[in-house]
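Sequential numbering of the sequence shown, starting at 2, is according to this note's numbering.
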Amino acid sequence: VKDCLNPYTRWDDVVDCFRGRDLRFVFSNTTEAGIEYKAEAYTPGQCQRTFPAKLTSLLYERYQTFGGVHDRALVIIPCELIDKNGTTLRDCMLRYAKDWGLPPGFATWLSEANVFVNTLVDRIVAGYPREDAAKLEAELGYRDALLDCGELFHFLVLEGPQALARELPLAKCGLQVVITDDQTPYRTRKVRFLNGAHTSSVLAASLSGLTLVDEMMNDADFGPFVHGVIFDEVFHTVDLPDDEKRFFAQSVMERFQNPYARHRLLSIALNSVSKWKVRVLPSLLDYRKLRGALPPRLVFSLAALLRFYEVESVGAGGEGVGRVDDRDYPIADSPEILAFFAGETAKLRAGGDDAHYVRAVLGRQDFWGGDLNRVSGLAAAVTAALAAIHRDGCRAALRACKP
Numbered sequence: 002v003k004d005c006l007n008p009y010t011r012w013d014d015v016v017d018c019f020r021g022r023d024l025r026f027v028f029s030n031t032t033e034a035g036i037e038y039k040a041e042a043y044t045p046g047q048c049q050r051t052f053p054a055k056l057t058s059l060l061y062e063r064y065q066t067f068g069g070v071h072d073r074a075l076v077i078i079p080c081e082l083i084d085k086n087g088t089t090l091r092d093c094m095l096r097y098a099k100d101w102g103l104p105p106g107f108a109t110w111l112s113e114a115n116v117f118v119n120t121l122v123d124r125i126v127a128g129y130p131r132e133d134a135a136k137l138e139a140e141l142g143y144r145d146a147l148l149d150c151g152e153l154f155h156f157l158v159l160e161g162p163q164a165l166a167r168e169l170p171l172a173k174c175g176l177q178v179v180i181t182d183d184q185t186p187y188r189t190r191k192v193r194f195l196n197g198a199h200t201s202s203v204l205a206a207s208l209s210g211l212t213l214v215d216e217m218m219n220d221a222d223f224g225p226f227v228h229g230v231i232f233d234e235v236f237h238t239v240d241l242p243d244d245e246k247r248f249f250a251q252s253v254m255e256r257f258q259n260p261y262a263r264h265r266l267l268s269i270a271l272n273s274v275s276k277w278k279v280r281v282l283p284s285l286l287d288y289r290k291l292r293g294a295l296p297p298r299l300v301f302s303l304a305a306l307l308r309f310y311e312v313e314s315v316g317a318g319g320e321g322v323g324r325v326d327d328r329d330y331p332i333a334d335s336p337e338i339l340a341f342f343a344g345e346t347a348k349l350r351a352g353g354d355d356a357h358y359v360r361a362v363l364g365r366q367d368f369w370g371g372d373l374n375r376v377s378g379l380a381a382a383v384t385a386a387l388a389a390i391h392r393d394g395c396r397a398a399l400r401a402c403k404p
């Protein structure tokens, strides 16, 4: 890492980077909530709000600097876990270019000269190793505030031209990287099994007082719950050979049980609304279509999300604060989502009922891509599960969650 630039305080320095002749690749990871279009004015010389708007502004600076020549275009490699992330990012940027009245030549250069790669990343990265930081820094001989802990397993899929292999010879370094013209099978397998199992379990586990993923996996209630999510519910929704699915699903269970990763549940809980939409909802809908019934554990995961997102207050830093068993916990999501849940939580605390809360959340088409109240039986099932969580606590309600 050569430098770290805060775009809100050093925007001119970021612009200078994009004016540099040697820049070729842009990598991003702003979570599922990061690649989105939100109308905003063009503010030359100032940092834009959304990530796609920032990148549009920066690429326009580069376009002007080099006169739109193709050999100064970039390879954009977004790592956000949404389907067709490169295509989606490009489309958001083209909307900004049109909204802002930027020259048609820029839009052509943006879409035709630059390469937007659709990606799939698969590696559990647990974050800063608090317990081992002092020991590691002593071995290194210097203080490193950017220490990170990741599992040995890693897999990267790049959907793009084979020419990428020449510019990014990652496989030659012994890294598990695949360049393909269709990453869909890899993505479905990973997002539904690994990420879906995470998102469908960590909120309930956190509400039940657990802290780490491996702790959750060794728990007498949550270990079997995660196994049931993967093998009894998600398994049927992935259109791959059973042997291949079984091997990957078992590897996910083993990776979750890694005691060295120390993956914190609250880290995974970041932006859980958009994560649940991408990682869990497709499995729930496909299971219902295939089996004619709702998957009980995935339904419970949505009820746990609603309980976790009961925002009692919003702190000065913009983080929501929830409360369970006389302890506070952070809720990290967008200001708009936190404001909505804070309003609904206030109604609950003023005597509102669970059914109204569930209908209000499920009806947010901007959250889910559609009105989930229209999914037959879902609102009633989520309401029943949420009522059990409110009445008995999350762990007891999970124990009662039977297929």
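For each residue, glycine too, the CB sits at the ideal point set by N, CA and C.
- Only residues of its own chain outside the window of five on either side were considered, and among them His199, Val203 have a CB closer than 6 Å to the CB of Ile269, listed in chain order.
- Ala262 sits away from Val300, with the two beta carbons spaced by 8 Å or more.
- By the criterion of at least three beta-carbon pairs nearer than 8 Å, the region 128 to 138 is not in contact with the region 84 to 93.
- Here DSSP, grouped into helix, strand and coil, assigns Thr109 to helix.
- Per DSSP, Pro130 has no beta bridge partner at all.
- Exclusion of the five residues before and after Val383 leaves Val300, Leu303, Ala304, Leu307, Val359, Leu363 as the residues of its chain whose Cβ lies within less than 8 Å of its Cβ.
- Beyond the five residues adjoining it in sequence on each side, Val27 comes within less than 8 Å, by CB distance, of Leu56, Leu75, Val76, Ile77, Ile78 in the same chain, given in chain order.
- Each residue's CA atom was taken as its position, placing Ser335 and Val274 some 10 Å apart.
- Beta-bridge partners of Leu157 (DSSP): Val122, Val178.
- In this structure, Arg190 and Val239 form a Cβ contact; the two beta carbons are roughly 6 Å apart against a cut-off of 8 Å.
- The beta-carbon distance between Val122 and Gly87, rounded to whole angstroms, is 13 Å. This is too long to meet the 8 Å contact definition.
- Segment contact: the region 277 to 290 against the region 225 to 239, three or more CB-CB distances shorter than 8 Å; contact assigned.
- The beta carbons of Thr32 and Asn272 sit closer together than 8 Å.
- In this structure, Val192 keeps its C-beta atom at 8 Å or more from the C-beta atom of Leu59.
- Between Pro53 and Tyr97 the beta-carbon gap is near 6 Å, inside 8 Å, which marks them as a contact.
- At the C-beta level, Gly323 and Asp329 come within 8 Å of one another.
- Between Arg167 and His237 a beta carbon distance of about 41 Å is seen, past the 8 Å cut, so the two are scored as non-contacting.
- Around the C-beta of Val2, fewer than 16 other C-beta atoms lie within 10 Å, and the residue is accordingly described as exposed.
- Taking C-alpha positions only, Gly197 is separated from Pro186 by approximately 15 Å.
- If you check the CB distance, Leu267 and Pro170 do not come in under 8 Å.
- Here the C-alpha atom of Gly370 lies approximately 12 Å from the C-alpha atom of Trp277.
- Cβ-Cβ distances below 8 Å link Gln366 to Asp372 in the same chain, with the five nearest sequence neighbours on each side left out; the list follows chain order.
- If you look at Pro331, you'll find it in the beta strand (DSSP E) that goes 328 to 332.
- The continuous alpha helix (DSSP H) containing Phe341 extends over residues 336 to 350.
- Bridge partners of Ser29 according to DSSP: Pro79.
- The alpha carbon of Leu195 has as its nearest neighbour, out of Ala139, Val376, Met254, Gln49, the alpha carbon of Met254.
- Contact check for Leu148 against Leu137 passes: the beta carbons are separated by less than 8 Å.
- DSSP places Cys5 in the coil class of the three-state scheme, outside both helix and strand.
- Of the residues assessed, Asp355 falls on the buried side of the cut-off, its CB having 16 or more other CB atoms within 10 angstroms.
- Restricted to the region 38 to 78, the alpha helix (DSSP H) segments that are unbroken, complete and at least 4 residues in length are 52 to 67, listed in chain order.
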